[in-house]
Amino acid sequence: TEIRGTVVKLYRLRIYEGCPHCFRRVEFKDEKKYCNSCNKFVESIYIPICEIGVDDSTGYIKCILFGNVAEELLGKEGGELYSSLSELSKKTYSLKKAEEEFIFENFYYLLGKEVLMSGRVEDNEFLGLEFRVYALKKFDELKEAYNILEGME
Numbered sequence: 001t002e003i004r005g006t007v008v009k010l011y012r013l014r015i016y017e018g019c020p021h022c023f024r025r026v027e028f029k030d031e032k033k034y035c036n037s038c039n040k041f042v043e044s045i046y047i048p049i050c051e052i053g054v055d056d057s058t059g060y061i062k063c064i065l066f067g068n069v070a071e072e073l074l075g076k077e078g079g080e081l082y083s084s085l086s087e088l089s090k091k092t093y094s095l096k097k098a099e100e101e102f103i104f105e106n107f108y109y110l111l112g113k114e115v116l117m118s119g120r121v122e123d124n125e126f127l128g129l130e131f132r133v134y135a136l137k138k139f140d141e142l143k144e145a146y147n148i149l150e151g152m153e
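Position 108 of the sequence shown, counted from 1, bears residue number 108 in my numbering, the numbering being contiguous throughout.
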């Protein structure tokens, strides 16, 4: 499924330490990072999860971007995002509040940006419908405008 729409809300940016092979959360075991899924010790990576709201003119949906897709949208790698978010979380009493403030303060420019995403819609029993984004797609805005004009003739 593809969605093309405008970013109208920035929810928050979460980051966790994950396995570079399967992307599942790692645990500390014998003072080292261990992946239970891969059953081995690993050098963990920081994996971002970005939550945004998109309006495609037919409706609104919350979109979840994970890992490389989130890094692509934000233009920064997980480790860099983690360092910046850690600094902010030291200044506030709540990690969730820091995650919300961080995305708004650092990525405000995303509001109003048009995006083309592929993924699938999932029904979250607590939050309703969400769009899990698997890829951001590039599109030529000028070409799209010409296509719209041609369709009006």
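The C-beta atom is built at its ideal place from N, Cα and C for all residues, glycine as well.
Item                                                                                                                                                                            : Value
Can you tell me which of the three DSSP states Leu95 falls into?                                                                                                                : helix
Taking a contact to mean a Cβ-Cβ separation below 8 Å, would you say Phe131 touches Ile61 in this structure?                                                                    : yes
Roughly how many angstroms separate the alpha carbons of Glu77 and Cys22, rounded to a whole number?                                                                            : 18 Å
Is the separation between the beta-carbon of Val121 and that of Ile64 shorter than 8 Å?                                                                                         : no
Tell me whether Glu80 sits in a helix, a strand or coil according to DSSP, three-state version.                                                                                 : helix
Which residue spans inside the segment 83 to 142 form an unbroken beta strand (DSSP E) run of at least 3?                                                                       : 114 to 124, 128 to 137
Give the C-beta separation of Leu13 and Glu87 to the nearest angstrom, bearing in mind that I take them to be a contact with Cβ-Cβ under 8 Å.                                   : Between Glu87 and Leu13 the Cβ distance is about 14 Å, and since that is not below 8 Å, they are no contact.
Label Ser57 either buried or exposed according to how many other C-beta atoms from any shown protein chain fall within 10 Å of its C-beta, with 16 as the threshold for buried. : exposed
Which residues in the same chain have their Cβ closer than 7 Å to the Cβ of Ile45, if we skip the five residues on either side of it in sequence?                               : Gly18, Pro20, Gly78
Determine the direct distance from the alpha carbon of Glu153 to that of Ile49, and round the result to whole angstroms.                                                        : 43 Å
What are the residues that DSSP puts in a beta bridge with Glu27?                                                                                                               : Tyr34
Whole angstroms are fine: how far does the CA of Glu105 sit from the CA of Ser94?                                                                                               : 16 Å
Could you check whether Gly67 and Lys9 sit closer than 8 Å to each other, using their CB atoms as the reference points?                                                         : no
Since Gly18 sits in a beta bridge, which residues does DSSP pair it with?                                                                                                       : Arg25, Ile45
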